[in-house]
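What follows is one structure encoded as structure tokens, with my remarks underneath.
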Amino acid sequence: MRRHPVLQMFVIGAVASVVITALALVIDWFPPAASTAADDIDTLYDVVILCSIPIFVLVMTIAIYSVVKFRARPGHEGDGAPLHGNTALEVLWVSIPFVIVAALAAYGLVVLADIEAKKPDAVPIEVTAQQFTWTFRYPQAGGAMSTELVLPRGRQAELRIRTRDVIHSFWVPAMRMKQDAVPGLTTHLRITATRPGSYALVCAELCGVGHTTMRQQVRVVEPERFQAWLRTLRRGHAVAARNSVTSQLLGEKPRSAAPNG
Ligand SMILES: [Cu+2]
């Protein structure tokens, strides 16, 4: 094989590709999956890894091989060989990447359309981002607010995301879903949670000095418990509204607006 340096280069490249690709596929890059979109997105990542690592390794092998093999020897002052390109080779290295990238883009679009498909019984939730907290309003609980995002298992939640100040980004890694909150816009995200439990919700857009503290919990519960939670939220909201009206009638400040209360 020493006599055939190009063959040697391809063998090294092929072995390196197989080892690095296998390693990349074996490593668990993401937290345990908690939404219907997670499996599709994880498979998409695996396909991208399978396509990109062998190409990266091939390009690097040829580049390193060329640097070592064709470097100027000490004392060599002459010009290189008078090459004017190779049309067949150029057509090939433009068209193959084009086909690969176009196929990956089409695959990505199919997955995106699939995970963003709207379900008729989706639960609407209004998400508001502000420096440095998230609040959630549930129209189905009479517009009551919550600082915790509670989702029913197995039913789509339709999140309408807005911001009061700068750009934030709503991200639940376990659900693989991320969407920016942009001033002046309402963005949307549809999530169907699959596993009861508590998951981290983080802001994924540097939004100021408190950015790293902009973390809350998403709690996924069974549908019956979700309905019960909505009723409790609605009752609390009604009581708070009544208290505020009563105190206004009595000429008091609403409790929530008191300086230390
Ligand atoms: Cu933020």
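Residues in the sequence shown are numbered consecutively from 40, following my numbering. Glycine included, C-beta positions come from ideal geometry on N, C-alpha and C. Note that the structure is a prediction, hence the values are computed from the model and not measured.
Can you grab the Cα-Cα spacing for the pair residue 52 / residue 263, in whole Å?
Start at 1 with the first residue of the sequence shown, and residue 52 comes out as number 13. Start at 1 with the first residue of the sequence shown, and residue 263 comes out as number 224. Roughly 56 Å between the two C-alpha positions.
For residue 3, is the beta carbon positioned less than 7 Å from some heavy atom of ligand 1?
Lying outside 40 to 300, the shown extent of the chain, residue 3 is not represented and no answer is given.
If contacts are defined as beta-carbon pairs under 8 Å, then residue 238 and residue 73 qualify, I think. What distance do you get, rounded to the angstrom?
Residue 238 sits at position 199 when you count from the first residue of the sequence shown. Residue 73 sits at position 34 when you count from the first residue of the sequence shown. With 8 Å as the limit, residue 238 and residue 73 qualify as a contact, their Cβ atoms being about 6 Å apart.
Whose CA, out of 197, 188 and 167, lies closest to the CA of residue 160?
Along the sequence shown, one-based indexing puts residue 160 at 121. The shortest C-alpha separation from residue 160 is found at 197.
Minimum C-alpha distance to residue 193 - residue among 234, 174 and 253
Working through the sequence shown from its first residue, we reach residue 193 at position 154. When the alpha-carbon of residue 193 is set against those of 234, 174 and 253, the nearest one is in 234.
What do you get for residue 102, buried or exposed, if any count of 16 or more other CB atoms within 10 angstroms of its CB means buried?
Position 63 of the sequence shown holds residue 102. Residue 102 comes out exposed.
For ligand 1, any of its heavy atoms closer than 7 Å to the Cβ of residue 72?
One-based indexing of the sequence shown puts residue 72 at position 33. No; taking the cut-off as 7 Å, the Cβ of residue 72 has no heavy atom of ligand 1 nearer than that.
Span of the beta strand (DSSP E) around residue 173:
The residue labelled residue 173 in the question sits at position 134 within the sequence shown. Counting along the chain, the beta strand (DSSP E) containing residue 173 begins and ends at 172–177.
Anticipated Cβ contact below 8 Å, residue 240 with residue 218, distance rounded
In the sequence shown, counting from the first residue as 1, residue 240 sits at position 201. In the sequence shown, counting from the first residue as 1, residue 218 sits at position 179. Going by Cβ atoms, the distance from residue 240 to residue 218 rounds to 12 Å, so no, they are not a contact pair.
So that I know if they touch, is there some Cβ in chain C lying closer than 8 Å to that of residue 89?
Absent from the structure is chain C; it holds one protein chain and no more.
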